[in-house]
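Take a look at the structure below.
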């Protein structure tokens with residue numbers, strides 16, 4: 014009795030509608046997952062690029078400061094040695 018009621022309730026038209034909705038839900042979930050993965054990858058790439066740029070700038074600034082400091086100290090040493 015229960016089986017007959019279930020088969021009568023699930024007509025072919027209703028079954029196709031149900032399968033169509035399941036397919037739509039699966040497609041939407043897959044698209045959302047792909048979009049989230051792409052966004053995460055883009056954010057990670059941007060963060061890595063920014064970190065590298067900052068590191069390069071810091072290294073250049075440190076090298077310039079050290080070079081300038083060395084030149085200034087060398088100039089001071091020269092001026093001190095030439096004075097009586």
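In this note's numbering, the protein residues as written are 14 to 97. Every residue, glycine too, gets a C-beta built ideally from N, C-alpha and C.
Legend entry - Close-in-space but distant-in-sequence residues of the same chain around residue 85 (CB under 6 angstroms, 5 per side omitted): none
Inset, instruction - Output the distance between the C-alpha atoms of residue 87 and residue 51, rounded to the nearest integer angstrom. - result: Rounded to whole angstroms, the separation of the alpha carbons of residue 51 and residue 87 is 54 angstroms.
Inset, instruction - Can you grab the Cα-Cα spacing for the pair residue 28 / residue 35, in whole Å? - result: Whole-angstrom Cα-Cα distance: 11 angstroms.
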